[in-house]
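Protein chains in written order, with our numbering: chain A, 1 to 329; chain B, 330 to 833. Ideal Cβ placement from N, Cα and C applies to all residues, glycine included. Nothing here was measured: the structure is a model prediction, and the numbers come from that model. Here's the structure, in structure tokens; my notes come after.
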Amino acid sequence: MTVEIKTLDFEPKRHTFGHVARRIGGDKPATRYQEATLDAQATENFHYKPLYEPQFWHYDTAKTKVVMDDWYKPLDPRQYYYATYNIARANMNQAVERNFTFVEDKNLLGKVSEDLKQKLIIGLIPVRHIHWGSNMNTSEMCQRGYGTAFTAPCMFSAGDHLGMAQIVSRIGLELDGQTGIGLDKAKDAWMNDNAWQGIRKLVENTLVQRDFFELFVAQVFAINGIILDAIYNGMDDAWGDASLPISMLTEFMNDWQKEEARWSHSTIKIVAAESPENKALVSAWSNDWINRAEDALRIYTTAIAGDENIAKTYADKMRTTAKSLGLEI
Amino acid sequence: MAVKKMGLKQKYAHLTRGLDWETTYEKMDDVFPYDKFEGIKITDWSKWEDPFRLTMDSYWKFQAEKERKLYAVIDAFAQNNGQTNISDARYVNVLKLFLTGISPEEYQAHRGFAFTGRHLRGVGPRVACQQQSLDELRHFQTQCHTISHFNKFFNGLSEFRTMHDRVFYLSVPKSFFDDARTSGPFEFMVAIGFAFEYVLTNLLFVPFMSGAAYNGDMSTVTFGFSAQSDESRHMTLGIEVIKFLLEQHPDNLPIVQEWVDKWFWRGFRLLGLVSMMMDYMLPKKVMSWKEAWEIYFVEAGGTLFKDLERYGLKMPKYHEQATEACEHISHQLWGLLYQLSHVAGLHAWMPSDEDMDWLSEKYPNTFDKYYRPRFELWKQQEAEGKRFYFNGLLQLCHTCQLPMTFTEPDDPTTTCFRESEYEGQHFHFCSDGCKDIFDREPEKYISSWLPIQQIFQGNCGGPTVPDVLKWYMFGPNDGAEYVGSEDHKLWESWKNTTTKEAAE
Chain A
1 MTVEIKTLDF EPKRHTFGHV ARRIGGDKPA TRYQEATLDA QATENFHYKP LYEPQFWHYD
61 TAKTKVVMDD WYKPLDPRQY YYATYNIARA NMNQAVERNF TFVEDKNLLG KVSEDLKQKL
121 IIGLIPVRHI HWGSNMNTSE MCQRGYGTAF TAPCMFSAGD HLGMAQIVSR IGLELDGQTG
181 IGLDKAKDAW MNDNAWQGIR KLVENTLVQR DFFELFVAQV FAINGIILDA IYNGMDDAWG
241 DASLPISMLT EFMNDWQKEE ARWSHSTIKI VAAESPENKA LVSAWSNDWI NRAEDALRIY
301 TTAIAGDENI AKTYADKMRT TAKSLGLEI
Chain B
330 MAVKKMGLKQ KYAHLTRGLD WETTYEKMDD VFPYDKFEGI KITDWSKWED PFRLTMDSYW
390 KFQAEKERKL YAVIDAFAQN NGQTNISDAR YVNVLKLFLT GISPEEYQAH RGFAFTGRHL
450 RGVGPRVACQ QQSLDELRHF QTQCHTISHF NKFFNGLSEF RTMHDRVFYL SVPKSFFDDA
510 RTSGPFEFMV AIGFAFEYVL TNLLFVPFMS GAAYNGDMST VTFGFSAQSD ESRHMTLGIE
570 VIKFLLEQHP DNLPIVQEWV DKWFWRGFRL LGLVSMMMDY MLPKKVMSWK EAWEIYFVEA
630 GGTLFKDLER YGLKMPKYHE QATEACEHIS HQLWGLLYQL SHVAGLHAWM PSDEDMDWLS
690 EKYPNTFDKY YRPRFELWKQ QEAEGKRFYF NGLLQLCHTC QLPMTFTEPD DPTTTCFRES
750 EYEGQHFHFC SDGCKDIFDR EPEKYISSWL PIQQIFQGNC GGPTVPDVLK WYMFGPNDGA
810 EYVGSEDHKL WESWKNTTTK EAAE
């Protein structure tokens with residue numbers, strides 16, 4: 001048995017917007033991702049040159065050396081538009097809240113030794129500054145990049161990095177009894193401890209990178225793919241008794257890393273596959289930034305974990321991934 | 330020893346500002362290369378008061394809740410064919426104006442706030458700008474989704490993106506936002522954050538949303554309600570920026586005053602499009618443009634600038650001219666659109682007798698004296714089957730890019746023309762305000778992409794009107810008179826169907 005509600009039928013004249021129809025192979029129902037993304041950015045007949053950078057238009061494909069026939073080729077496999085992005089993150093964050101509550105209720109971090117707490121404050125909490133630098137980079141890619149398919153997910157990433165910086169900060173506040181003293185110590189370590197200087201230099205080097213796609217490669221492969229991955233996953237031995245609660249409290253970052261890579265890796269793959277010139281550029285950038293990340297990471301893992309090999313492990317893993325995306329490594 | 334726990338404000342400071350650091354491997358001026366050339370002096374970024382303290386986890390949570398509700402309504406609207414319950418199909422032209430003229434600017438605001446969210450040196454304003462950047466993307470995308478359903482049935486919406494880049498009257502909003510986007514980060518904040526979002530938002534965003542509410546467009550008005558809390562945040566950021574700039578250094582005052590003057594006048598000209606929407610396009614009127622201006626600019630704006638007097642900031646230059654012009658602009662612009670609707674992407678029509686009386690009542694000083702006679706003549710010509718269209722190309726103001734249609738401040742019978750010479754070339758303006766803006770930055774404005782000149786230069790699809798309209802991607806039934814249009818016929822057929830079905 002089916003229940004049938006009688007309604008009036010109204011025949012639509014068209015199914016989607018013209019610019020969307022031309023991209024999806026004709027007038028047919030389009031997804032919300034497509035209507036929200038395709039050709040959203042203006043492309044022609046700009047009025048004025050930017051006062052701060054008169055050599056370009058404010059939307060200008062020349063702001064990177066890679067050349068795409070169409071910047072709407074690298075689409076987001078997650079099909080994120082604002083609503084789906086926020087709903088996904090709100091859901092992920094429910095797990096964060098549960099994990100914080102669990103760790104607090106069981107006093108899992110309170111129980112660890114004072115030495116270990118200090119080690120975490122010095123060794124882990126400065127990661128919030130990496131996320132902040134990453135937030136600056138992803139905002140830059142959004143403002144500077146070309147085409148909404150590329151730039152909108154960059155702004156989502158900016159929100160993600162700010163969110164993750166704040167999760168790490170909350171871990172810091174768990175460790176310092178909600179005083180903020182631990183966060184100040186962590187910042188001092190970030191600025192002055194030898195362990196962090198390679199990574200800080202790497203991050204600062206990215207902050208002055210003005211080629212938006214080289215910046216993207218540096219962020220995705222070097223910072224997300226090597227530095228953050230290694231710190232969140234390769235340091236269990238160093239965190240000792242705290243490794244379980246730390247894994248729980250950083251679960252968001254691991255879920256995020258896998259999810260974000262679906263988009264960012266596919267983007268790199270598509271851009272590199274566009275032409276031999278793009279492939280050569282992206283390969284060269286990848287080699288350079290992976291090497292720099294490996295060197296920076298080695299200083300950190302040697303100082304914090306007493307382990308020189310972690311850096312190579314993570315860098316090699318990234319090299320393998322980069323090769324699988326069609327790059328010459 | 331018990332250590333004192335932090336308060337919320339202090340905690341938020343740790344979760345945002347504490348994240349930043351003074352770079353040493355790269356120079357700070359290389360990390361932030363764009364925030365000095367405008368001459369704004371910031372002595373202490375830490376004096377920035379966060380107007381709202383929203384961590385990302387709360388942001389995701391609130392926004393996700395709002396999106397779930399909004400999309401439920403959008404889906405229900407489509408499922409129940411909400412487009413048949415609007416007041417009249419003339420109303421859809423309001424959505425055409427909105428989607429072609431305003432939504433693409435929401436997108437520009439998204440990218441602009443990404444720029445300031447990266448390149449202002451202070452962390453507090455940067456975080457607020459980033460959240461606004463996300464919000465503005467939301468507004469663009471949800472507007473597309475809301476109006477998408479109308480696009481399935483009505484003309485003039487389908488090619489909104491291409492139209493925005495090409496059509497002559499849409500260069501008014503486009504050049505406005507291009508101007509803001511190509512300014513430095515501080516000017517952008519004053520232009521969009523303060524002048525647009527704070528001073529003028531009640532005259533732009535709100536009339537469209539109230540118009541939707543009055544005219545049975547459940548879908549768009551639900552978007553409006555959903556965006557309200559975003560807009561409040563944006564307003565708070567806008568006012569905080571102004572106060573911060575003025576408190577930081579006395580040298581900032583003259584720069585900020587010039588920006589406020591410029592962006593007030595540019596905003597006022599852009600709002601001309603809203604004025605005709607409110608007075609002529611809404612089948613069910615919310616209030617007259619003049620009333621809206623009195624409430625939201627004269628009164629609310631007056632109070633605001635009174636409050637800002639303590640910083641030395643004055644009411645924007647030519648505000649008296651603007652208030653005086655509010656007696657005229659909606660009539661002048663609608664008259665213009667009526668004559669040009671055969672080369673526009675939306676319909677125009679003459680007001681009904683009832684609407685004419687409403688206009689007489691709302692504009693006792695001007696409507697009957699200057700505009701009614703012309704409109705009645707046009708109605709009479711329509712009745713005789715000789716609907717009037719203007720065939721020719723109009724001269725545009727070089728700054729605001731509206732056609733030269735406005736009258737002298739003290740003489741509503743004489744069209745206002747102003748002129749400047751720069752590097753041996755002559756430039757024309759519709760007003761003192763627009764001339765001043767050009768004279769202040771001629772090297773910026775000489776590059777304006779003026780649609781009419783571009784047609785003459787052969788950059789718009791070809792030399793003939795049909796060539797240009799094709800290049801604008803207008804459909805054959807997008808423009809001209811509403812009465813008898815495809816939209817009109819469709820609407821009539823729906824009314825017949827629903828009445829018939831209900832009777833059965």
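Asked, Found
"Backbone secondary structure at B:Q710 - three-state DSSP", "helix"
"Distance between beta carbons of B:L575 and B:Y640, contact taken as under 8 angstroms", "4 angstroms"
"Distance CB(B:Q730)-CB(B:L779) smaller than 8 angstroms", "yes"
"Endpoints, the beta strand (DSSP E) within which B:T742 is located", "D740 to T744"
"Closer than 8 angstroms to chain A by CB, B:Q392", "yes"
"Chain A within 8 angstroms of B:G674, Cβ atoms only", "no"
"Interface residues of the segment 176 to 210 of chain A facing chain B [CB-CB below 8 angstroms]", "G177, Q178, T179, G180, I181, L183, D184, K187, W190, M191, R200, K201, E204, N205, L207 and V208"
"Residues bridged to B:A542 (per DSSP)", "Per DSSP, none; premise fails for B:A542."
"Assigned secondary structure, A:L325 (DSSP; H/G/I helix, E/B strand, else coil)", "coil"
"Three-pair Cβ contact test at 8 angstroms for the segment 480 to 491 of chain B versus the segment 569 to 584 of chain B", "no"
"Interface flag, B:P583 vs chain D, CB-CB below 8 angstroms", "No chain D is present in this structure, whose protein chains are A and B."
"C-alpha distance - B:F366 paired with A:F150, whole-angstrom precision", "29 angstroms"
"Any alpha helix (DSSP H) of 4 or more consecutive residues that is wholly inside the segment 16 to 91 of chain A", "18 to 23 and 32 to 37"
"Enclosing alpha helix (DSSP H) for B:R716 [first to last residue]", "Taken as a continuous stretch (DSSP letters only), B:R716 belongs to no alpha helix (DSSP H), as it is neither H nor E."
"Buried versus exposed, by CB contacts within 10 Å (16 or more), A:N224", "buried"
"B:R346 at chain A interface by Cβ criterion, 8 angstroms", "no"
"First through last residue of the alpha helix (DSSP H) which encompasses B:Y751", "First-last for B:Y751: R747 to Y751, but that is the beta strand (DSSP E), not the alpha helix (DSSP H)."
"Whether B:H448 touches B:P514 by CB criterion (8 angstroms)", "yes"
"Range of the contiguous alpha helix (DSSP H) that encloses B:H563", "M547 to Q577"
"DSSP state of B:G601 mapped onto helix, strand, coil", "helix"
"Closer than 8 angstroms to chain A by CB, B:A443", "yes"
"Below-8 angstroms beta-carbon distance, A:T43 vs any chain B residue", "yes"
"B:S462 versus B:R440, B:H474 and B:V452, residue with shortest Cα-Cα distance", "B:R440"
"Rounded separation between B:T826 and A:P12 - CA only", "15 angstroms"
"8 angstroms Cβ cut-off: residues of chain B touching A:P12", "K481 and F482"
"Residues sharing a beta bridge with A:A95, DSSP", "According to DSSP, which records beta bridges pairwise, A:A95 is partnered with nothing at all."
"Cβ neighbour criterion (16 or more within 10 Å) applied to B:V456", "buried"
"Per-residue DSSP class, three states only, for B:E815", "helix"
"Residues of its chain near A:K49, where Cβ-Cβ distance is below 6 angstroms and the 5 sequence neighbours each way are ignored", "none"
"Neighbour flag for A:R78 against chain B, beta carbons, 8 angstroms", "no"
"For B:F381, the first and last residue of its enclosing beta strand (DSSP E)", "B:F381 -> no beta strand (DSSP E), and no H or E assigned at all."
"Check whether B:L499 and B:G596 have beta carbons under 8 angstroms apart", "no"
"For B:Y388 and A:E174, the rounded distance between their alpha carbons", "22 angstroms"
"Opening and closing residue of the beta strand (DSSP E) in which A:Q209 lies", "Here A:Q209 belongs to no beta strand (DSSP E), and DSSP marks it neither H nor E."
"Any C-beta of chain A under 8 angstroms from that of B:R639", "no"
"Within chain A, the residues that B:E355 reaches when beta carbons sit closer than 9 angstroms", "K201, E204, N205, L207 and V208"
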